[in-house]
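Asks: Here's a structure for you.
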């Protein structure tokens, strides 16, 4: 089968149909035939090892053909797995996100969650105990539950799945493609929080970015390959703008657990009774129902490299129940790390102040989570003269940053007793903000014939333009840089960080 290129590849390559000579001589025909025979002989002699390498070399190109829209399998449920949903594009949700005609990008920052992973170690142990208990206590496995009889729990923990790795390669390709005019000549400055899956995600992103660049004939051929220049420790008490761990009052809060317990007590009992009816002898606790629903997502994202095989766990629940599950996860993130927690947004102040420094090419002013040694304007670990930046973190690192940026200032306090749609929540949900492989772009542009020389800033979360708050916004969701920064008064003032130590 001939290897075909995607439209994005053709755009990167700048290819055009080659002109061909119209009159071939007999000698040319004979020579061509001989060369063809030699080629056939050579191909027949290829070893499996060489062919395997060819397939590996082709893999990034195949991946490139599917990088734009993200995960599209089983959207009726997979887009309702909360933070366990694989990234899917929200490009069609609201304002068109293309760079307007006559405007030129001059800056781009991506903030990304790691790709799809296996469960964390603690959750993996919890799931294994639950599955073992069900198998030990059930006297029958009825209907759709028959698969549980012989199920073996064999997952790893914490590290990326093959799908997660592919997601991050795709993410790097997509970032290069969107910011191609900048990426051709500029090398992104890359940082990562210290977890191994986050570092691995950054490396896969770089691989995709470089693969796209290698296909771009207009790219600077001698530019350096991006590297993860800074890895921020996640050790307790260490300042890290990409991870929470230095606010004692926040870390001690049980608000998220209380909210989750309350909503689980509302939606889980009917599901619990149905499961127990199909697994006689099994008695579940309410909180174990969401654990069983978790297994649908984790099994699906780990079974194959493309996530195309739907887990049997998924069929145990209805679409309405998946909407409830998704809302449970949204509640957890909102009251755990977002605007529902008095100290949630404070965990994102440090990164926002770093962003201000990057947008304005001025030193960082922050007394919250920044590492002053690393963020010194004279240090190579925090350069201010870059055009492209990439930072990699966790879902619980991104949510506070989004709220410290004020992206969801119009999201009213989420009700804790019934499901509220993502549209009524002004675009906030866990699946819409921090799915596996989530990415936010902060971009700056200047436009021709604009009487105001101050550039415009815009934020995209998973390709959705999030209209900015706190500054005069135009019909494309943009604010002037100066006014955008003025609107970030919560972060610039240090917010309520002092309450961390009250």
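Numbering (this note's numbering), first residue to last: 21 to 522.
Note that the Cβ used here is the ideal one computed from N, Cα and C, for glycine as well.
In this text, all values refer to a predicted model and were calculated from it rather than measured experimentally.
1. Considering Cα atoms alone, identify which of 414, 418, 229 and 268 is closest to residue 256.
2. Compare the Cα-Cα distances from residue 246 to each of 225, 253 and 258 and report the closest residue.
3. Going by CA-CA distance only, name the one from 441, 445, 501 and 129 that's closest to residue 466.
4. Can you list, in chain order, the residues of its chain with a C-beta nearer than 6 Å to that of residue 342? Leave out the 5 residues immediately preceding and following it.
5. Exposed or buried, which one is residue 469 when buried takes at least 16 other CB atoms within 10 Å?
6. Here's the rule: buried if 16 or more other CB atoms are within 10 angstroms of the residue's CB, otherwise exposed. What is residue 510?
7. What residue ranges within the segment 365-441 form continuous beta strand (DSSP E) runs of no fewer than 3 residues, ordered along the chain?
8. For residue 221, report the span of its alpha helix (DSSP H) as first-last.
9. Note down the Cα distance separating residue 69 from residue 182, rounded to an integer number of angstroms.
10. Kindly give me the distance between the Cβ atoms of residue 446 and residue 428, rounded to whole angstroms, as I take these residues to be in contact under 8 Å.
11. With a cut-off of 8 Å on the beta carbons, I'd call residue 217 and residue 179 a contact; round off their distance for me.
12. Is the segment 164-173 in contact with the segment 323-340, if contact means three or more CB pairs nearer than 8 Å?
13. Distance, Cα to Cα, residue 136 vs residue 213?
14. For the alpha helix (DSSP H) containing residue 151, list its first residue and its last residue.
15. Measure the CB-CB distance between residue 507 and residue 489 and report whether it falls below 8 Å.
16. In terms of alpha-carbon separation, which member of 519, 358, 147 and 431 lies closest to residue 487?
17. If you follow the beta strand (DSSP E) that residue 477 is part of, which residue opens it and which one closes it?
18. Among the residues of its own chain, which have a CB less than 8 Å from the CB of residue 123, if the five just before and after it don't count?
19. Return the CA-CA distance between residue 319 and residue 150, expressed in angstroms with no decimal places.
20. Throw me the rounded Cβ distance for the residue 346 and residue 90 pair, which I believe falls under 8 Å.
21. Check whether the segment 396-411 and the segment 307-315 touch, using three or more Cβ-Cβ pairs below 8 Å as the test.
22. Secondary structure at residue 191, three-state DSSP: helix, strand or coil?
23. Please name the residue in 296, 197 and 249 whose C-alpha comes closest to that of residue 230.
24. Among 350, 377 and 388, which one has its Cα closest to the Cα of residue 367?
25. Given that a residue counts as buried once 16 or more other Cβ atoms are within 10 Å of its Cβ, and exposed if not, what is residue 386?
26. How many Å lie between residue 85 and residue 419 at the Cα?
27. Helix, strand or coil for residue 275? Go by DSSP, reduced to three states.
28. Does the distance from the C-beta atom of residue 373 to that of residue 512 stay below 8 Å?
29. Figure out for me which residue from 282, 114 and 375 has the closest Cα to the Cα of residue 439.
30. Is residue 301 closer than 8 Å to residue 157 when the C-beta atoms are compared?
31. Take the Cβ of residue 326 as the centre, count every other Cβ of all protein chains shown within 10 Å, and call the residue buried at 16 or more, exposed below.
32. Can the beta-carbon of residue 575 be found closer than 8 Å to that of residue 370?
33. From residue 505 to residue 296, what does the alpha carbon distance come to, in whole angstroms?
34. Can you give me the Cβ contacts of residue 188 inside the same chain, cut-off strictly under 6 Å, excluding the 5 residues immediately before and after it?
35. Let me check understanding here. Comparing Cα to Cα, which of 457, 152, 208 and 503 lies closest to residue 243?
36. For residue 452 versus residue 110, is the C-beta distance shorter than 8 Å?
Replies: According to the data block:
1. Translated into the one-based positions of the chain shown, residue 256 becomes position 236. Checked all of 414, 418, 229 and 268; the closest Cα to residue 256 is 268.
2. The residue labelled residue 246 in the question sits at position 226 within the chain shown. Checking every option, the nearest Cα to that of residue 246 belongs to 225.
3. On the chain shown, residue 466 is found 446 positions in, with the first residue counted as 1. Closest option to residue 466, Cα to Cα, is 501.
4. Here residue 342 corresponds to residue number 322 of the chain shown, with the count starting at 1. These residues qualify, in order along the chain: 97 and 100.
5. The sequence position of residue 469 within the chain shown is 449, counting from 1. Residue 469 comes out exposed.
6. As a first step, residue 510 must be located in the chain shown, where it is residue number 490. Burial call: buried.
7. As far as the segment 365-441 is concerned, its whole beta strand (DSSP E) runs of at least 3 residues are 408-413.
8. The count along the chain shown starts at 1 and reaches residue 221 at position 201. Taken as a continuous stretch (DSSP letters only), the alpha helix (DSSP H) holding residue 221 covers 216-234.
9. Working through the chain shown from its first residue, we reach residue 69 at position 49. Working through the chain shown from its first residue, we reach residue 182 at position 162. In this prediction, residue 69 has a pLDDT of 38, which is less than 50 and means its spatial position is unreliable; what the coordinates show is noted afterwards. Rounded to whole angstroms, the separation of the alpha carbons of residue 182 and residue 69 is 22 Å.
10. Translated into the one-based positions of the chain shown, residue 446 becomes position 426. Translated into the one-based positions of the chain shown, residue 428 becomes position 408. 6 Å between Cβ atoms; contact.
11. Counting from 1 along the chain shown, the entry for residue 217 is found at position 197. Counting from 1 along the chain shown, the entry for residue 179 is found at position 159. Between residue 217 and residue 179, the beta carbon gap of about 5 Å places them in contact (Cβ cut-off 8 Å).
12. Enough Cβ pairs lie closer than 8 Å, so yes.
13. By 1-based counting over the chain shown, the position of residue 136 is 116. By 1-based counting over the chain shown, the position of residue 213 is 193. Residue 136 and residue 213 have their C-alpha atoms spaced approximately 16 Å apart.
14. Stepping through the chain shown from its first residue, residue 151 is reached at position 131. Segment 141-157, the alpha helix (DSSP H) holding residue 151.
15. Residue mapping note: residue 507 aligns to position 487 of the chain shown, counting from 1. Residue mapping note: residue 489 aligns to position 469 of the chain shown, counting from 1. In this structure, residue 489 lies closer than 8 Å to residue 507 by Cβ.
16. The residue given as residue 487 occupies position 467 in the chain shown. Checked all of 519, 358, 147 and 431; the closest Cα to residue 487 is 431.
17. As a position in the chain shown, residue 477 is number 457, starting the count at 1. Residues 476-481.
18. In the chain shown, residue 123 corresponds to position 103, counting from 1. Answer for residue 123: 465, 466, 467, 468 and 476, listed in chain order.
19. Looking up residue 319 in the chain shown gives position 299. Looking up residue 150 in the chain shown gives position 130. The straight-line gap separating the alpha-carbon atoms of residue 319 and residue 150 is approximately 15 Å.
20. Residue mapping note: residue 346 aligns to position 326 of the chain shown, counting from 1. Residue mapping note: residue 90 aligns to position 70 of the chain shown, counting from 1. So it is not a contact: roughly 16 Å between Cβ atoms.
21. They do not touch, by the three-pair rule.
22. The residue given as residue 191 occupies position 171 in the chain shown. Residue 191: helix per DSSP, three-state reduction.
23. For the purposes of this step, residue 230 is identified with residue 210 of the chain shown, where counting begins at 1. Closest by alpha carbon: 197.
24. Residue 367 sits at position 347 when you count from the first residue of the chain shown. Among 350, 377 and 388, the Cα nearest to that of residue 367 belongs to 388.
25. The residue you call residue 386 lines up with position 366 of the chain shown. Counting the other Cβ atoms within 10 Å of the Cβ of residue 386 gives 16 or more, which makes it buried.
26. For this step, residue 85 is matched to residue 65 along the chain shown. For this step, residue 419 is matched to residue 399 along the chain shown. Summary for residue 85: the model assigns pLDDT 35, below 50, so the residue's position carries little reliability; its value from the coordinates is reported in the next sentence. Roughly 30 Å separates the two Cα atoms.
27. Taking the first residue of the chain shown as position 1, residue 275 is located at position 255. Three-state DSSP puts residue 275 in a helix.
28. To locate residue 373, count along the chain shown from 1; it is residue 353. To locate residue 512, count along the chain shown from 1; it is residue 492. With respect to the 8 Å criterion, residue 373 and residue 512 are classified as neighbours on the basis of their beta carbons.
29. Locating residue 439 in the chain shown gives position 419, where the first residue counts as 1. Comparing Cα-Cα distances from residue 439 to each of 282, 114 and 375, the minimum goes to 282.
30. Walking along the chain shown from the start, residue 157 turns up at place 137. Walking along the chain shown from the start, residue 301 turns up at place 281. Yes. Within cutoff.
31. Taking the chain shown and counting its residues from 1, one reaches residue 326 at position 306. Classification of residue 326: exposed, given that the 10 Å Cβ count is below 16.
32. Nothing can be reported for residue 575, as the shown portion of the chain is limited to 21 through 522.
33. On the chain shown, residue 505 is found 485 positions in, with the first residue counted as 1. On the chain shown, residue 296 is found 276 positions in, with the first residue counted as 1. Computed Cα separation, rounded: 54 Å.
34. Taking the chain shown and counting its residues from 1, the one referred to as residue 188 is at position 168. Annotation for residue 188: 135, 221, 224 and 225 place their beta carbon closer than 6 Å to its own, counting only its chain and skipping 5 residues before and after.
35. Counting from one through the chain shown, the residue named residue 243 turns up at place 223. For residue 243, the nearest C-alpha among the options comes from 208.
36. Reading the chain shown from its first residue, position 432 is the one you call residue 452. Reading the chain shown from its first residue, position 90 is the one you call residue 110. Taking 8 Å as the cut-off, the beta carbon of residue 452 is found closer than this to the beta carbon of residue 110.
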